[in-house]
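Engineer: Chains as they are written, first to last, in our numbering: chain H, 1 to 114; chain S, 1001 to 1115. Here it is, the structure in full.
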């Protein structure tokens, strides 16, 4: 079952605009991560925010986390055509025996129009 | 190149057949995770191995099995294949079994088509 749910499912913007994607989750987490997937390719880790953090930046990426609302947002500023991809949020879940796995949402498909 | 190698990249096979997907983790990583990605189900966690031992199972069918070998490469075996098994299968690796704290490194996937 999916832990994270991204919103919107698809987003189309002009190059240079900002893109905001949201993620909601159901249970408590240790951290929340965002990944990017170019069409048919593997996922690339973008940024991780821990449950005791509220905001984190990495280059043109800004992630916020609100644990009281069980939600996170990913902001990509000054978007480029190369940002066209699907973006997934992932939350960790304890599976027993000291192991954790990431559970992914279904993703937001971002299209940046040149 | 992420450092995680998956072979083959593409696989077309008939219903009822058996296939093996292979994954070599990034150098130094001990944990291997297998995920299935389909259009309707998204990314589903299948199974995790750490240093040769199974650590956790997710939504893995009984027709599917996996193992991790002493050299740390892993194989995912899919048998009695059905049309619905057509999907992208990803392998990811991380240094330890607790590395959902740090992020995974994904391979480029194997696209399986069952006809």
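Note that the Cβ used here is the ideal one computed from N, Cα and C, for glycine as well.
1) In the DSSP assignment, find the beta strand (DSSP E) that holds residue 47 of chain H and state where it starts and stops.
2) Could you confirm whether any beta carbon from chain S is found closer than 7 angstroms to the beta carbon of residue 41 of chain H?
3) Suppose the cutoff is 7 angstroms on Cβ atoms and the five residues either side in sequence are ignored; what does the same chain contact list for residue 84 of chain H look like?
4) Using a C-beta to C-beta distance shorter than 8 angstroms, which residues of chain H count as neighbours of residue 1108 of chain S?
5) Given that a residue counts as buried once 16 or more other Cβ atoms are within 10 Å of its Cβ, and exposed if not, what is residue 1083 of chain S?
6) Report yes or no: do the segment 1001 to 1018 of chain S and the segment 24 to 38 of chain H share at least 3 C-beta pairs separated by less than 8 angstroms?
7) Please decide whether residue 106 of chain H counts as near chain S, where near means a Cβ-Cβ distance under 7 angstroms.
8) Answer with yes or no whether the minimum CB distance from residue 9 of chain H to chain S is below 7 angstroms.
9) According to the neighbour-count rule (16 or more other Cβ atoms, all chains shown, within 10 Å of its Cβ), is residue 6 of chain H buried or exposed?
10) Would residue 48 of chain H pass as an interface residue toward chain S - the criterion being a Cβ-Cβ separation below 7 angstroms?
11) Whole angstroms is fine: what's the gap from residue 1054 of chain S's alpha carbon to residue 13 of chain H's?
12) In chain H, which residues lie less than 7 angstroms from residue 1002 of chain S when you measure between Cβ atoms?
Structural biologist: With the structure as the only source:
1) 43 to 50
2) yes
3) 110, 111, 112
4) 41, 42
5) exposed
6) no
7) yes
8) no
9) buried
10) yes
11) 44 angstroms
12) 42
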